[in-house]
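All remarks here apply to the structure that follows.
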Amino acid sequence: MCWKGAISGMHQGQPAIPPLFLSRFQVDDRAPFVRHLNRLEVEIGREDYRHLKRVQRLEGELSEQQKSGMRDLTDRLLATTQNDYNRRLLQRLGIRVLLDVGRYRVYYCMKGQTIRFDAVWRERVLERFFGRMPLDRTGWCDCGAPLPHFEARYEPDDAGGALLLRRRDGGTTDDRLLTAPHGPYDPHTLEVALYFLRTGKAGAAVINLGFAGREPLTDSNLERLKSWGVPLNPSNIDVIYPYLDDRGHPCSYKTERKLPDYLDILGMAAPAVILDIHGCVGTCPEDRRVVVGLGGMPPWIDPDAVGRLEPHGEILHLFPDERLREGLELVRELSEEIFVQFCSDLETCYNFVLLGGLQAVGRRIHPKQDTESLIEGEERSFLPAERVRWLPGAGANALQRSRVAGLPGPPLVLHVEIPTVIRRNMALRLAEMAIFDSLDSSGL
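Heads up: the sequence shown begins at -10 in our numbering, then just goes up one per residue.
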């Protein structure tokens, strides 16, 4: 049984905040622990977010010396949070929110106590590759067991930094790049990226290590906060790690904005194909359908730019060009069901299912008439006729495509949404590879 909610329209709000970050929900002051956002992942998909954050209570207040060098986020968070309950809570308790930029730790400073939020996933990733948590950029270091034949580099920024990986040959001549812009948010993101690299699907990767602001707290963390007198509402948890930087840009788009810089650091020319990996729950618990988005917002995709489109009545046949075929071949092994989606203008979109020979059949989609929302009040679009997620509803990779438009080619960007079940299987397969490598190295 797949899930279905009420038909959802486009959200309206401040122009500076993309629709992806807006949701029409009302926070009930009498029930501050009712979840509104992340319901699809947390309540239905049963995604495990225990790997994201750790909440600790520090005795007493921070000294002025401890506060020195930290960044005060309070005014920015109060001005940008979408959750009035959380805004009023911070104001009522007189909480000052400070960020230790280097360690990416957030401190809730109030009278008599201090609460610290640690980005546990980020810390574990850095320690896995560097044996420590670097506070500044590193040089290129051999990855060792986590990723044989590759080297890693940490690039800091104000929002958690990024992990860069490339083949260990003094640079990479591979013409395929992997990006994971929502690193902490999608469980098994790192494992999926390492699997793609180890199996030769890309020669380099950029993995975001920072939060976008909306990553949920686990219920156990929420109960601890409640016992300490700080009952945050998890509908929008952007009052901990902000989703907007100090210039008003969404932190979740930083990888796309910095992509040309990352290419320079990697020593790469413009790649022919960029695999932009994401995790999704899908439309039912065992959904194994991978959705490949080519674009749902400007710059629009002309079908002739990605292949040959042949109409047969209402049925359309798409014969991918060489670059699209290459990109689809990279994700083909993930699932027997792969869908390709894109839009050529605001009201003309396409949904195709991939066949065995990499040709595809599908139909035109009107985004307002043919889509519905999986959850009432949220932009979680899907196509009820095919029971498949509708990726262009989230804008796909518009910003990344606009950033690479000036590069030679330009690169073809594939926004790959991988369902929970497949991501878990990829993590298991990666673990098996590590076991075999260990046996080989020991001579067993």
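Every residue gets a Cβ at the ideal spot worked out from N, C-alpha and C, and that includes glycine.
{"Query": "Mind checking whether Asp235 and Gly202 have CB atoms under 8 Å apart?", "Result": "no"}
{"Query": "By how many angstroms is the C-alpha of His404 removed from the C-alpha of Ser283?", "Result": "Before going further, note that residue 283 is Leu rather than Ser in the sequence given. About 6 Å."}
{"Query": "Is Cys273 helix, strand or coil when you go by DSSP?", "Result": "coil"}
{"Query": "Around the Cβ of His138, are there at least 16 other Cβ atoms within 10 angstroms (buried) or fewer (exposed)?", "Result": "exposed"}
{"Query": "To the nearest angstrom, report how far apart Leu219 and Val410 are at their CA atoms.", "Result": "Going by the sequence as given, residue 219 is Val instead of Leu. Whole-angstrom Cα-Cα distance: 35 Å."}
{"Query": "If you pair each beta-carbon of the stretch 50 to 70 with each one of the stretch 203 to 212, do three or more pairs fall below 8 Å?", "Result": "no"}
{"Query": "Please return the same chain residues whose Cβ sits closer than 7 Å to the Cβ of Arg418, not counting the five positions on each side in sequence.", "Result": "Tyr184"}
{"Query": "Taking Asp265 as the reference, give the member of Leu79, Asp158, Leu167, Arg376 with the closest Cα.", "Result": "Leu167"}
{"Query": "Between Ala259 and Leu396, what straight-line distance do the alpha-carbon atoms span, to the nearest angstrom?", "Result": "6 Å"}
{"Query": "Could you check which residue in Gly120, Met99, Phe371, Arg156 has the C-alpha nearest to that of Gln358?", "Result": "Phe371"}
{"Query": "May I ask you to report which of helix, strand or coil DSSP gives Gly218?", "Result": "coil"}
{"Query": "If you draw a straight line from the alpha carbon of Pro292 to that of Pro249, how long is it in whole angstroms?", "Result": "26 Å"}
{"Query": "For Gly285, count neighbouring Cβ atoms within 10 angstroms of its own Cβ and tell me buried if that reaches 16, exposed if not.", "Result": "buried"}
{"Query": "The alpha helix (DSSP H) that contains Thr69, what's its start and end?", "Result": "63 to 69"}
{"Query": "Within a Cβ cutoff of 7 Å, which residues of the same chain sit near Arg413, ignoring the five residues on either side of it in sequence?", "Result": "His177"}
{"Query": "What three-state label does DSSP hand Gly351 in the structure shown?", "Result": "strand"}
{"Query": "Can you give the Cα-Cα distance for Ile424 and Leu47, rounded to whole angstroms?", "Result": "40 Å"}
{"Query": "Output needed for Ile327: all residues of its chain with C-beta closer than 6 Å, excluding positions within five of it in sequence on either side, in chain order.", "Result": "Val279, Leu343"}
{"Query": "State the Cα-Cα distance for the pair Pro170 and Gln80, rounded to the nearest angstrom.", "Result": "32 Å"}
{"Query": "As a quick exercise: from Arg142, Ala420, Arg39, pick the residue whose alpha carbon is nearest that of Asp107.", "Result": "Arg39"}
{"Query": "Going by CA-CA distance only, name the one from Gly316, Ile304, Leu152 that's closest to Leu252.", "Result": "Leu152"}
{"Query": "Please report how far the alpha carbon of Asp158 lies from the alpha carbon of Gly316, in whole angstroms.", "Result": "24 Å"}
{"Query": "Just list the beta strand (DSSP E) runs in the stretch 124 to 148, keeping only unbroken ones of 3 residues or longer that don't cross its boundaries, in chain order.", "Result": "139 to 144"}
{"Query": "Rounded to whole angstroms, what's the CA-CA distance from Tyr232 to Val270? Just pull it up for me.", "Result": "22 Å"}
{"Query": "Classify Ile304 as buried or exposed, calling it buried when 16 or more other Cβ atoms lie within 10 Å of its own Cβ.", "Result": "exposed"}
{"Query": "Using C-beta distances below 7 Å, list every residue in its chain close to Asp146, excluding the 5 sequence neighbours before and after it, in chain order.", "Result": "Lys243"}
{"Query": "Give the C-beta separation of Leu124 and Gly83 to the nearest angstrom, bearing in mind that I take them to be a contact with Cβ-Cβ under 8 Å.", "Result": "With a Cβ gap of about 30 Å, Leu124 and Gly83 do not count as contacting."}
{"Query": "Going by C-alpha distance, which of Asp131, Glu322, Trp110, Ser241 is nearest Leu179?", "Result": "Trp110"}
{"Query": "Given this structure, state the Cα-to-Cα distance separating Cys273 from Ala374, to the nearest angstrom.", "Result": "14 Å"}
{"Query": "If you scan the stretch 149 to 191 from start to end, which runs of the beta strand (DSSP E) of 3 or more residues do you find wholly inside it?", "Result": "151 to 156, 165 to 169"}
{"Query": "Could you check what DSSP says for Gln45 in three-state terms: helix, strand or coil?", "Result": "strand"}
{"Query": "By the three-class DSSP mapping on this structure, what secondary structure does Met286 have?", "Result": "coil"}
{"Query": "Buried or exposed, going by whether 16 or more other CB atoms sit within 10 Å of the CB of Lys215?", "Result": "exposed"}
{"Query": "CB-CB under 7 Å to Leu186, same chain, minus the five flanking residues each way: which ones, in chain order?", "Result": "Leu136, Phe139, Leu154, Leu167, Ala194"}
{"Query": "Looking at the structure shown, is Asn197 part of a helix, part of a strand, or coil, going by DSSP?", "Result": "strand"}
{"Query": "Counting C-beta neighbours from all protein chains within 10 Å, is the total for Gly224 16 or more, i.e. buried, or is it exposed?", "Result": "The question names Gly, yet the displayed sequence has Ser at residue 224. Buried."}
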